[in-house]
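Notes to accompany the following structure.
Residue numbers (the working numbering): 2 to 170.
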């Protein structure tokens with residue numbers, strides 16, 4: 002069983018669903034676009050920490066999140082050792098964090114960060130902490146396998162837990 006989101010009615014696809022080959026399309030389908038005003042779309046280079054804060058301030062409507070993101074966040078939260086602090090998800094799609102630092106989204110828990118890059122294929126070099134592999138189904142829906150979601154959740158929680166444990170030591 003895989004988690005699927007139907008984006009066939011969405012406008013903005015660059016090609017028909019059966020010929021989509023763009024990583025930016027799967028990024029938007031799974032994580033959504035950051036809410037940027039016209040002048041903010043070409044914000045230019047920002048250092049990592051500044052780009053992180055910029056992305057946090059430009060989040061889309063929480064209710065519009067994909068089922069995959071909701072499930073991933075729930076799995077990460079269940080695997081985190083610090084249950085007193087909520088696990089938060091942020092999209093960075095279309096922000097300087099995405100453009101210049103290779104981070105499509107990130108999780109935060111108590112100031113600890115785990116970054117994600119989503120891709121249609123394996124990569125030799127990844128700037129983010131976790132690579133999430135996705136694909137498009139025949140109907141144009143973004144697809145991430147259950148195994149991939151669980152694997153990513155474990156890696157993200159491990160990053161958040163490691164930083165929590167190292168600060169406690």
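All residues carry an ideal CB built from backbone N, CA and C; glycine is no exception.
{"Asked": "8 Å Cβ cutoff met for residue 111 and residue 86", "Found": "yes"}
{"Asked": "Three CB pairs or more closer than 8 Å across the region 74-84 and the region 116-135", "Found": "no"}
{"Asked": "Distance, residue 130 Cα to residue 106 Cα", "Found": "10 Å"}
{"Asked": "Counterpart residues of residue 117 in DSSP-defined beta bridges", "Found": "106 and 131"}
{"Asked": "Through-space distance from residue 109 to residue 29, alpha-carbon basis", "Found": "20 Å"}
{"Asked": "Residues sharing a beta bridge with residue 92, DSSP", "Found": "106"}
{"Asked": "8 Å contact criterion, which residue 25 and residue 60 should meet: CB distance rounded", "Found": "That pair is no contact at about 18 Å."}
{"Asked": "Inter-residue Cα distance where the pair is residue 21 and residue 27", "Found": "Caution applies to residue 21, whose pLDDT of 45 falls short of 50 and renders its modelled position unreliable; the value that the coordinates give is listed next. For residue 21 and residue 27, the distance between alpha carbons rounds to 9 Å."}
{"Asked": "Close beta carbons around residue 66, own chain, < 8 Å, minus the five adjacent residues each side", "Found": "33 and 90"}
{"Asked": "Beta-carbon proximity of residue 153 to residue 31, cut-off 8 Å", "Found": "no"}
{"Asked": "Residue 82 (DSSP reduced to helix, strand or coil)", "Found": "coil"}
{"Asked": "Identified DSSP bridge partners for residue 137", "Found": "143"}
{"Asked": "Element boundaries [alpha helix (DSSP H), containing residue 126]", "Found": "Note, residue 126: premise wrong, no alpha helix (DSSP H); not H, not E."}
{"Asked": "Alpha-carbon to alpha-carbon, residue 140 and residue 113", "Found": "37 Å"}
{"Asked": "Coil, strand or helix - residue 112 by DSSP", "Found": "coil"}
{"Asked": "Cβ-Cβ separation, residue 102 to residue 49 (assumed contact under 8 Å), whole Å", "Found": "6 Å"}
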